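2 protein chains.
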Amino acid sequence: MPKAVILLSGGLDSTTALAVAKSRGFEVCALSVDYGQRHRVELERAALIATALGAAEHRTVKLDLRAIGGSALTADVAVPKDRSPDDMGHGIPVTYVPARNTILLGLALGYAETVGAFDIFIGANVLDYSGYPDCRPEFLTAFEVLANLATAVGVEGTGKFRIHSPLLKLTKAEIIAEGVKLGVDYALTLSCYDPDATGRACGRCDSCQLRRKGFAEAGVPDPTVYQ
Amino acid sequence: MPKAVILLSGGLDSTTALAVAKSRGFEVCALSVDYGQRHRVELERAALIATALGAAEHRTVKLDLRAIGGSALTADVAVPKDRSPDDMGHGIPVTYVPARNTILLGLALGYAETVGAFDIFIGANVLDYSGYPDCRPEFLTAFEVLANLATAVGVEGTGKFRIHSPLLKLTKAEIIAEGVKLGVDYALTLSCYDPDATGRACGRCDSCQLRRKGFAEAGVPDPTVYQ
Chain A
1 MPKAVILLSG GLDSTTALAV AKSRGFEVCA LSVDYGQRHR VELERAALIA TALGAAEHRT
61 VKLDLRAIGG SALTADVAVP KDRSPDDMGH GIPVTYVPAR NTILLGLALG YAETVGAFDI
121 FIGANVLDYS GYPDCRPEFL TAFEVLANLA TAVGVEGTGK FRIHSPLLKL TKAEIIAEGV
181 KLGVDYALTL SCYDPDATGR ACGRCDSCQL RRKGFAEAGV PDPTVYQ
Chain B
228 MPKAVILLSG GLDSTTALAV AKSRGFEVCA LSVDYGQRHR VELERAALIA TALGAAEHRT
288 VKLDLRAIGG SALTADVAVP KDRSPDDMGH GIPVTYVPAR NTILLGLALG YAETVGAFDI
348 FIGANVLDYS GYPDCRPEFL TAFEVLANLA TAVGVEGTGK FRIHSPLLKL TKAEIIAEGV
408 KLGVDYALTL SCYDPDATGR ACGRCDSCQL RRKGFAEAGV PDPTVYQ
């Protein structure tokens, strides 16, 4: 069975992407990155999810992005609350972490090369949250080009890396519907940017609001535990 | 004065690249990455070098690449010794760290975006050590393309990132000659892959041998302290 590496944050999107990778016949190697994010409880969820969804292995890499800062998720900048979903799509959100997906995909690439995987899954999505530059298709295509120049595999011509973003153009409701079809238990996932220590969601940040709207539109009961 | 980010390992090449960035009129923000490398004493050297060469700031990011492994520099694989320089250029060395420069440049890009720099310097070199896939010009060009798609700046069109690799096609002797001209004190730098705890070089790994040969060819006294 071919191996695939999946970037698993513990959120709704990456969990669904893991389920999609499994459904496409890959043995899944899940990678989480502890990058000093505020919502660290999501890393505990990632470990539970990797087990529940049958990942072959799960590794967590520590990376202190707080040394760089520049985001509400890694510096002492407030997470925006109570914005309507219609107001979130303009400009770059303060929750944008500079070069985050470049760094995360770089780590996934190193992991893939180490375990002999050529397929990398990422739960990037352009629709619900269009302000992140590094969730766009042109970014992901450029990374795939880079990956095949950056690695021993690329030089030796023994394989070709592929970046998979199966959720790229799905709405949150469509992502949830897909995950439910694949048997994902969304109660395990955490999307909130500002959860409490026990993992209860704030219900008010952008991510919580998009998630709640997604469950409503998908006609699926929302299993999220709110504060 | 425009800012530039420089990836500073504490070795001969990155130190020279820092001096070149300064000579081109940049205010230099130096970034070191503590990625679990065996030769950690080089990080102490990086801090000394940043001060000695007048960097405006120096940050060190911790990243536990040992969670991924796959290299003699980050896993329990022996560093090759006593190979002649003529034997080093074939294939991928075991000191290759999977996707290292992708990850390091990703971090430099995040740092650059945070401090408002558009210029990133890396001491990559293809001549002396041609086995590393992610030191090749086509890799660096692909990263520059990616950088301008990955970032808020790229989306907003407010600037353009440039990747500078001023040493790319220089021999080790030419690099040393350039650094001497710019006033670099190479006694501060450490190139050895397997130094002792006090920072004395082994003199036998590939990196030590290339360095020693470089000083000899440049006609510059070798200031390295060997074990």
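For the protein sequence lines, the chains are A and B, in the order given.
For the first sequence, position 4 (counting from the first letter as 1) is numbered 4 according to the numbering used here, and the numbering increases by one without interruption.
For the second sequence, position 65 (counting from the first letter as 1) is numbered 292 according to the numbering used here, and the numbering increases by one without interruption.
Quick reminder that beta carbons are idealized off the backbone N, C-alpha and C, glycines included.
Small disclaimer: the values here were computed from a predicted structure and weren't measured.
Less than 9 Å between the C-beta atoms of leucine 239 of chain B and threonine 416 of chain B, yes or no?
Along the second sequence, one-based indexing puts residue 239 of chain B at 12. Along the second sequence, one-based indexing puts residue 416 of chain B at 189. Result yes, Cβ atoms of leucine 239 of chain B and threonine 416 of chain B sit closer than 9 Å.
Is the Cβ of phenylalanine 370 of chain B closer than 9 Å to any Cβ of chain A?
To locate residue 370 of chain B, count along the second sequence from 1; it is residue 143. With 9 Å as the cut-off, phenylalanine 370 of chain B counts as an interface residue toward chain A.
Identify each residue in the stretch 111–128 of chain A for which the Cβ-Cβ distance to at least one residue of chain B is less than 9 Å, and report them in chain order.
Tyr111, Ala112, Glu113, Thr114, Val115
Through-space distance from glycine 157 of chain A to phenylalanine 442 of chain B, alpha-carbon basis:
Sequence index remark: in the second sequence, residue 442 of chain B carries index 215 (1-based). Sequence index remark: in the first sequence, residue 157 of chain A carries index 157 (1-based). Cα to Cα, phenylalanine 442 of chain B sits roughly 35 Å from glycine 157 of chain A.
Report all residues from its chain with a CB closer than 7 Å to the CB of leucine 435 of chain B; omit the five preceding and five following residues, and keep chain order.
Residue mapping note: residue 435 of chain B aligns to position 208 of the second sequence, counting from 1. Sequence inspection shows cysteine at residue 435 of chain B; the leucine mentioned does not correspond to that position. Result list for cysteine 435 of chain B: Ser418, Cys419, Ala428, Cys429, in chain order.
Interfacial residues, the stretch 51–64 of chain A to chain B, with Cβ spacing under 9 Å:
Arg59, Thr60, Val61, Lys62, Leu63, Asp64
Going by Cα to Cα distance, which pick from B/Val452, B/Ala279, B/Val260 is closest to leucine 245 of chain B?
As a working note, residue 245 of chain B is residue 18 in the second sequence. For the residues B/Val452, B/Ala279, B/Val260, the minimum Cα distance to leucine 245 of chain B belongs to B/Ala279.
Test item: CB-CB of glycine 110 of chain A and isoleucine 295 of chain B under 9 Å
Along the first sequence, read from residue 1 onward, the residue named residue 110 of chain A stands at position 110. Along the second sequence, read from residue 1 onward, the residue named residue 295 of chain B stands at position 68. Yes, the Cβ-Cβ distance between glycine 110 of chain A and isoleucine 295 of chain B is below 9 Å.
Relative to the C-alpha of alanine 374 of chain B, which residue among B/Arg363, B/Pro364, B/Leu334 is closest?
As a working mapping, residue 374 of chain B is identified with position 147 in the second sequence. It is B/Leu334 whose Cα lies nearest to the Cα of alanine 374 of chain B.
Roughly how many angstroms lie between the CA atoms of glycine 54 of chain A and valine 28 of chain A, to the nearest whole one?
Taking the first sequence and counting its residues from 1, one reaches residue 54 of chain A at position 54. Taking the first sequence and counting its residues from 1, one reaches residue 28 of chain A at position 28. Using only the alpha carbons, I get a separation of about 8 Å.
So with Cβ pairs under 9 Å, would you call isoleucine 390 of chain B a contact of chain A?
Here residue 390 of chain B corresponds to residue number 163 of the second sequence, with the count starting at 1. It does not; no Cβ of chain A falls within 9 Å.
Excluding sequence positions up to five away, which residues of its chain have a Cβ less than 8 Å from the Cβ of glutamate 113 of chain A?
As a working mapping, residue 113 of chain A is identified with position 113 in the first sequence. Thr151, Ala152, Val153, listed in sequence order.
Helix, strand or coil for cysteine 432 of chain B? Go by DSSP, reduced to three states.
Start at 1 with the first residue of the second sequence, and residue 432 of chain B comes out as number 205. Cysteine 432 of chain B: strand per DSSP, three-state reduction.
When the Cα atoms are used, what is the spatial distance from leucine 43 of chain A to valine 33 of chain A?
As a working mapping, residue 43 of chain A is identified with position 43 in the first sequence. As a working mapping, residue 33 of chain A is identified with position 33 in the first sequence. Rounded to whole angstroms, leucine 43 of chain A to valine 33 of chain A spans 8 Å at the Cα level.
Do the CB positions of aspartate 64 of chain A and glycine 36 of chain A come within less than 9 Å of each other?
As a first step, residue 64 of chain A must be located in the first sequence, where it is residue number 64. As a first step, residue 36 of chain A must be located in the first sequence, where it is residue number 36. Going by C-beta atoms, aspartate 64 of chain A is nearer than 9 Å to glycine 36 of chain A.
Check this for me: beta carbons of glycine 123 of chain A and serine 9 of chain A, under 9 Å apart or not?
In the first sequence, residue 123 of chain A corresponds to position 123, counting from 1. In the first sequence, residue 9 of chain A corresponds to position 9, counting from 1. Contact flag set, yes.
Identify the contact partners of proline 448 of chain B in chain A, using a Cβ-Cβ distance below 8 Å as the criterion.
Against the second sequence, residue 448 of chain B aligns to sequence position 221. Residues of chain A passing the Cβ test: none, with the nearest at roughly 36 Å.
What number of angstroms, rounded off, separates the C-alpha of valine 353 of chain B from the C-alpha of leucine 170 of chain A?
Reading the second sequence from its first residue, position 126 is the one you call residue 353 of chain B. Reading the first sequence from its first residue, position 170 is the one you call residue 170 of chain A. Those two C-alpha atoms are separated by around 43 Å.
What residues in its chain sit with their C-beta under 7 Å from that of lysine 3 of chain A, if we drop five residues either side in the sequence?
Position 3 of the first sequence holds residue 3 of chain A. Around lysine 3 of chain A: Phe26, Glu27, Cys29, Val115, Gly116, Ala117.
Taking its Cβ as the centre, do 16 or more other Cβ atoms sit within 10 Å of lysine 142 of chain A, making it buried, or is it exposed?
For the purposes of this step, residue 142 of chain A is identified with residue 142 of the first sequence, where counting begins at 1. It should be pointed out that residue 142 of chain A corresponds to alanine in this sequence rather than to lysine. Buried, by the Cβ-count rule.
Proximal residues of chain B, C-beta to C-beta of glycine 251 of chain A below 7 Å
A query on residue 251 of chain A cannot be resolved here, the shown segment of chain A reaching from 1 to 227 and no further.
Determine the direct distance from the alpha carbon of proline 221 of chain A to that of histidine 164 of chain A, and round the result to whole angstroms.
The sequence position of residue 164 of chain A within the first sequence is 164, counting from 1. The sequence position of residue 221 of chain A within the first sequence is 221, counting from 1. Spanning the two alpha carbons is a distance of roughly 28 Å.
Pair within 9 Å by beta-carbon distance, alanine 248 of chain B and phenylalanine 348 of chain B
On the second sequence, position 21 is the one that residue 248 of chain B refers to. On the second sequence, position 121 is the one that residue 348 of chain B refers to. Closer than 9 Å, so yes.
CB of proline 450 of chain B within 9 Å of CB of alanine 424 of chain B, strictly:
Sequence index remark: in the second sequence, residue 450 of chain B carries index 223 (1-based). Sequence index remark: in the second sequence, residue 424 of chain B carries index 197 (1-based). Result no, Cβ atoms of proline 450 of chain B and alanine 424 of chain B do not sit closer than 9 Å.
As a quick exercise: from B/Arg267, B/Ala326, B/Gly386, pick the residue whose alpha carbon is nearest that of glutamate 144 of chain A.
In the first sequence, residue 144 of chain A corresponds to position 144, counting from 1. Cα-wise, what sits closest to glutamate 144 of chain A is B/Ala326.
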